[in-house]
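K.L.:
In the numbering used here, the protein residues as written are 145 to 433. Glycine included, each C-beta is placed from N, C-alpha and C at the ideal position. Note that this is a predicted model, so its numbers are computed, not measured.
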Amino acid sequence: MSIDLHVHSSFSDGSMTPTELVELAKRKGLHALSITDHDNILSVSEALCAGKQYGLTVFSGVELSLVYNGMDIHLLSYLFDQNNFELQTFLAEIQESRATRNGLIIKSLLSLGVKITAEEERCFLENRQLGRPHIAKLLVRKAVVKNMKEAFALYLTPGKPAYVPRKTVPIQRAIDVLHRAGGVTVLAHPFNMNRGDRDLFEVIGELGELGVDGVEAYYPTHSRKRRDQLLGCARENNLICTGGSDYHGNFRAGTQLAGGKNVCVPEELLTTLYLRKERYSPVQDENKI
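(1) Output the distance between the C-alpha atoms of M215 and V321, rounded to the nearest integer angstrom.
(2) Can you tell me which of H278, Q232, A402 puts its alpha carbon nearest to the alpha carbon of A318?
(3) DSSP has P305 in a bridge; who is on the other side?
(4) With DSSP as the reference, please indicate the residues paired to V328 in a beta bridge.
(5) Roughly how many angstroms lie between the CA atoms of L413 and R420, to the nearest whole one?
(6) If we call anything under 8 Å between Cβ atoms a contact, is L200 one with L186?
(7) Among the residues of its own chain, which have a CB less than 7 Å from the CB of R370, if the five just before and after it don't count?
(8) Near Y418, what residues of its chain come up, given a Cβ to Cβ distance below 7 Å and the 5 sequence neighbours on each side ignored?
(9) Based on the DSSP output, what are the partners of H392 in its beta bridges?
(10) Output yes or no for whether 8 Å exceeds the beta carbon distance between P426 and A287.
(11) Is the stretch 187 to 197 in contact with the stretch 295 to 312, if contact means three or more CB pairs nearer than 8 Å?
(12) Roughly how many angstroms lie between the CA atoms of T365 and L254, to the nearest whole one?
(13) Could you say if the stretch 266 to 281 and the stretch 328 to 342 meet the contact criterion of at least three C-beta pairs nearer than 8 Å?
(14) Of the residues P314, H182, S204, which one's Cα is nearest the Cα of S154?
(15) From this set, L283, F234, V330, K172, which residue's C-alpha is nearest N184's C-alpha?
(16) Going by alpha carbons, who is nearest to L220 out of C408, T261, V151?
(17) Going by other Cβ atoms of all chains shown within 10 Å of its Cβ, with 16 needed for buried, is T386 buried or exposed?
(18) Where does P410 fall in DSSP's three states?
(19) Helix, strand or coil: how does DSSP classify Y362 here?
(20) Based on the DSSP output, what are the partners of C385 in its beta bridges?
(21) Check whether the Cβ of V330 sits closer than 7 Å to any heavy atom of the ligand COA, and report yes or no.
(22) DSSP on I433, reduced to helix/strand/coil?
(23) H323 and G352 look like a contact to me (Cβ under 8 Å); what is the Cβ gap, rounded to whole Å?
(24) Is it buried or exposed for D157, if we count other Cβ within 10 angstroms and need 16 for buried?
(25) Is T201 helix, strand or coil by DSSP?
(26) Does G388 get closer than 8 Å to chain D when you measure Cβ to Cβ?
(27) Please report the distance separating the alpha-carbon of V206 from that of Y363.
(28) With DSSP run on the structure shown, which of helix, strand or coil describes I185?
(29) Kindly provide the ranges of any beta strand (DSSP E) runs that are 3 or more residues long and lie completely inside the stretch 232 to 275, ordered along the chain.
(30) Kindly identify the DSSP beta-bridge partner or partners of P314.
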């Protein structure tokens, strides 16, 4: 039986609600699910409730976009206390910078002659869960481009006229905040890192020394050789392994939840995840949001 610990909902750049994802996971026969939306944990409460409703193991998750020595890093985290004040404050800072970035991208598109209404612009400034994929969808809807791939290729990637770099968040701060919230941290899709000429497994070792707890070894684009390399690297560095589909619903063609030919993630990985979780108890504070 498979688990899926890397899924995105409509609270970031996925097309399905948390409840719909939980229902789909149950229907597919998955053993456990974690929704890991980008830079926010707004899906957690609904997902946990849906898990109880459908009789599926569901726990908190998030995927953060960070920087380490000039490299873009995606860091997954699981089993944290979503009500932790420090974590909520940290994520609110990231969301604020996302809204600022959206505004700058919209202004760039306006300067290029793209017709964007004041209401549409306000939406991207006020809704902090929106990002480049949603702007790409807007360009498709306005027939500026044929599809989302073209939107990114022509406007929204580095070197293109509407690209705006995101505010960098140091990975060490994120690790510390997540650990204090009781979370386990895992490097997402390691082979996708833009590491230049750096050796991947050397980088993983360095991240382990910083406090990263594991690597995402099971991933749709990982060949068996790559998966086995990551499993070996994890053993050498005393890291755990996780896996997931990176499912975005119909926003990313050709993807599906784990459990089929796409990727099968052994449920036994939950044992080491829970054991690693025992290292981190949420820090209690008196602050409230």
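P.N.:
This is what the structure holds:
(1) On the sequence shown, residue 215 is found 71 positions in, with the first residue counted as 1. On the sequence shown, residue 321 is found 177 positions in, with the first residue counted as 1. Distance from the CA of M215 to the CA of V321, rounded to the nearest whole angstrom, comes to 20 Å.
(2) As a first step, residue 318 must be located in the sequence shown, where it is residue number 174. When the alpha-carbon of A318 is set against those of H278, Q232, A402, the nearest one is in Q232.
(3) Residue 305 sits at position 161 when you count from the first residue of the sequence shown. Note: P305 is not bridge-paired with any residue in the DSSP secondary-structure output.
(4) Residue numbering aside, residue 328 sits at position 184 when the sequence shown is read from its first letter. V328 is bridged to Y222.
(5) As a position in the sequence shown, residue 413 is number 269, starting the count at 1. As a position in the sequence shown, residue 420 is number 276, starting the count at 1. For L413 and R420, the distance between alpha carbons rounds to 11 Å.
(6) Counting from 1 along the sequence shown, the entry for residue 200 is found at position 56. Counting from 1 along the sequence shown, the entry for residue 186 is found at position 42. The answer is no: Cβ separation not under 8 Å.
(7) On the sequence shown, residue 370 is found 226 positions in, with the first residue counted as 1. If we look at R370 and ignore the five residues flanking it on each side, its Cβ neighbours are F335.
(8) Taking the sequence shown and counting its residues from 1, one reaches residue 418 at position 274. The answer is none, since no qualifying residue turns up.
(9) Within the sequence shown, numbered from 1, the residue matching residue 392 stands at position 248. Per DSSP, none; premise fails for H392.
(10) Position 282 of the sequence shown, counted from the first residue, corresponds to residue 426. Position 143 of the sequence shown, counted from the first residue, corresponds to residue 287. No.
(11) No contact exists between the stretch 187 to 197 and the stretch 295 to 312.
(12) Taking the sequence shown and counting its residues from 1, one reaches residue 365 at position 221. Taking the sequence shown and counting its residues from 1, one reaches residue 254 at position 110. Answer to the nearest angstrom: the Cα atoms are 36 Å apart.
(13) Output reads no: the stretch 328 to 342 does not touch the stretch 266 to 281.
(14) The sequence position of residue 154 within the sequence shown is 10, counting from 1. Of P314, H182, S204, the residue nearest in Cα terms is H182.
(15) In the sequence shown, counting from the first residue as 1, residue 184 sits at position 40. By alpha-carbon distance to N184, the top candidate from L283, F234, V330, K172 is F234.
(16) On the sequence shown, residue 220 is found 76 positions in, with the first residue counted as 1. Among C408, T261, V151, the Cα nearest to that of L220 is on V151.
(17) On the sequence shown, residue 386 is found 242 positions in, with the first residue counted as 1. The residue is buried, with at least 16 neighbouring Cβ atoms inside 10 Å.
(18) Reading the sequence shown from its first residue, position 266 is the one you call residue 410. In the structure shown, P410 sits in a strand (DSSP, three-state: E or B).
(19) As a position in the sequence shown, residue 362 is number 218, starting the count at 1. Strand, per DSSP.
(20) As a working mapping, residue 385 is identified with position 241 in the sequence shown. Answer by DSSP bridge pairing, in chain order: V359.
(21) The ligand COA is not part of the structure shown, which contains no ligands of any sort.
(22) For this step, residue 433 is matched to residue 289 along the sequence shown. With a pLDDT of 44 at I433, under the threshold of 50, the modelled position of this residue cannot be trusted; read the value that follows with caution. Note: I433 maps to coil in three-state DSSP.
(23) Here the question's residue 323 lines up with position 179 in the sequence shown. Here the question's residue 352 lines up with position 208 in the sequence shown. With 8 Å as the limit, H323 and G352 do not qualify as a contact, their Cβ atoms being about 14 Å apart.
(24) As a position in the sequence shown, residue 157 is number 13, starting the count at 1. So D157 counts as buried.
(25) Sequence index remark: in the sequence shown, residue 201 carries index 57 (1-based). It is a strand residue.
(26) The structure shown contains no chain D, having only a single protein chain.
(27) Reading the sequence shown from its first residue, position 62 is the one you call residue 206. Reading the sequence shown from its first residue, position 219 is the one you call residue 363. Whole-angstrom Cα-Cα distance: 16 Å.
(28) As a first step, residue 185 must be located in the sequence shown, where it is residue number 41. The DSSP-derived three-state label of I185 is coil.
(29) For the stretch 232 to 275, not a single whole beta strand (DSSP E) run of length 3 or above is found.
(30) Here residue 314 is taken as the residue at index 170 of the sequence shown, counted from 1. Paired residues: V211.
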